[in-house]
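Q: Structure incoming, see below.
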Amino acid sequence: MPDQPTAARSRTGPLKKAGSSSPSRRGGSPSNTLKKSTSERSLQGAKAQAKKKSDKKPGDHEGTRPPAKWVSAILEEINSRRAKHWTPPLVWNDECYVHARFQANACMAAKKKLRPNFVDNLDGMHGQLLAGPLKPPMQLNAANAERIVTQWYGELAKYDFSKPGPQPKARNFTQMLWGFTTSVGVALSSDGKFCVANFFPKGNGNPLDFPQCVLPVKKGGPPWEPHVPKAFKGNPLSEESWQRYEEAAAGLAEARRQRSLVMSRMIKPSDMVPCWPRPEEFFSRPEAGEEEEEEEEEEEDEAD
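In full-length UniProt numbering, the protein residues as written are 1 to 304.
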């Protein structure tokens, strides 16, 4: 039966060669290829982002200005301490920050704290504070802002207010509190091991200015802040507030009564009569004896 194999071949088609594979096995379908390439790109992007994040240094940031949380924290920490001494608050200065960052990175390159670089420009000279190398390195956050400001303000214990003037062991404290200074910029080096603050205008100047620019700690809040009594901070219609009102009213009534008693003992009814002459005094006639005395005085004056 020679025709049977031929019929079988025609029904099944040509025989496949050994070693051949289907298109799906060779390259896969286009949708599978697209999914694979997309997942690979996503994985590569995630790796690149993770590497970039790991390569980012503690003191680096995007743009020319540090994060807002760092700026706010620095101003809050410095101004809260200046307020204790009744010294006006500071504002942020981008120019001070740029020069402070230059100095911080210069310290990082030298691997040591350099001498202060008092920047002098058209506006005037900057004052500068330095700290480092810091362990552990700092980052641009609120906790480290408090850390560095507390370190500089700690020199308060080394300043003798009874002998105002330049005192090397407290120069960071006196610059931070200097009354003529109006702005500040605080920067970190890229590795976070050095912190530099530039102040404008420069403090620690004329020794005669220290008594008015570096004040001791004062009691209470500064005079420019509104003072709200403790009784006003709660509910004004509370039982305690009504009791305080009744006590104050009773005290005022008693004071008025005591004053009336004192005045009644000191002032006589006759003292309350007007001191000017009454109208009838202008028209009343003098008595007979008074007229004779007046005539005798006139005659004596004429005889003389």
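Every residue, glycine too, gets a C-beta built ideally from N, C-alpha and C.
What you are looking at is a predicted structure, and each value in this text was computed from that prediction instead of being measured.
To the nearest angstrom, report how far apart Val98 and Gln175 are at their CA atoms.
A: Looking at the two C-alpha atoms, the distance is approximately 19 Å.
Q: Cutting at 8 Å between CB atoms, please list the residues of its own chain near Arg147, excluding the five before and the five after it.
A: Answer for Arg147: Met138, listed in chain order.
Q: Touch check for the region 212-230 and the region 109-120: three-plus C-beta pairs under 8 Å?
A: The answer is no - the region 109-120 does not touch the region 212-230, with fewer than three Cβ pairs under 8 Å.
Q: Looking at the structure shown, is Leu252 part of a helix, part of a strand, or coil, going by DSSP?
A: DSSP places Leu252 in helix when its eight states are reduced to three.
Q: Are Trp86 and Pro201 closer than 8 Å when you measure CB to CB?
A: In this structure, Pro201 does not lie closer than 8 Å to Trp86 by Cβ.
Q: Can you give me the C-alpha to C-alpha distance between Gly165 and Phe210, rounded to a whole angstrom?
A: Each residue's Cα considered, the two are about 5 Å apart.
Q: Per the DSSP calculation, Val196 is bridged to which residue(s)?
A: BP columns for Val196 point to Leu130, Ala187.
Q: In the DSSP assignment, what are the bridge partners of Val91?
A: Note: Val91 sits in a beta bridge opposite Ser183.
Q: Any idea if Ala128 is buried or exposed, counting beta-carbon neighbours within 10 angstroms, 16 or more meaning buried?
A: Note on residue identity: the sequence assigns Gln, not Ala, to residue 128. Per the 10 Å Cβ criterion, buried.
Q: Classify Asp209 as helix, strand or coil using the three-state DSSP reduction.
A: Here Asp209 sits in helix by DSSP.
Q: Within the present structure, is the beta-carbon of His61 separated from the nearest heavy atom of the ligand ATP by less than 7 Å?
A: Although the ligand ATP was asked about, the structure shown includes no ligands whatsoever.
Q: Between Trp178, Asp160, Trp92, which has its C-alpha nearest Ala83's C-alpha?
A: Out of Trp178, Asp160, Trp92, Trp178 has the C-alpha closest to the C-alpha of Ala83.
Q: Candidates Asn206, Phe194, Ala170: which alpha carbon is nearest Phe180's?
A: Of Asn206, Phe194, Ala170, the residue nearest in Cα terms is Asn206.
Q: Taking Cys96 and Asn198 to be in contact with their CB atoms under 8 Å, please state how far apart those CB atoms are, rounded to whole angstroms.
A: Indeed they touch by this definition, with Cβ atoms about 4 Å apart.
Q: Within 10 angstroms of the Cβ of Met263, are there 16 or more other Cβ atoms? Answer buried if so, exposed if not.
A: Its Cβ having fewer than 16 others within 10 Å, Met263 is exposed.
Q: Tell me Met125's beta-bridge partners as DSSP assigns them.
A: In DSSP, Met125 forms a bridge with Asp120.
Q: Could you pull the start and end residues of the alpha helix (DSSP H) that Tyr153 belongs to?
A: Here the alpha helix (DSSP H) through Tyr153 covers 142-153.
Q: Quick check on DSSP: helix, strand or coil for Glu239?
A: Glu239: helix per DSSP, three-state reduction.
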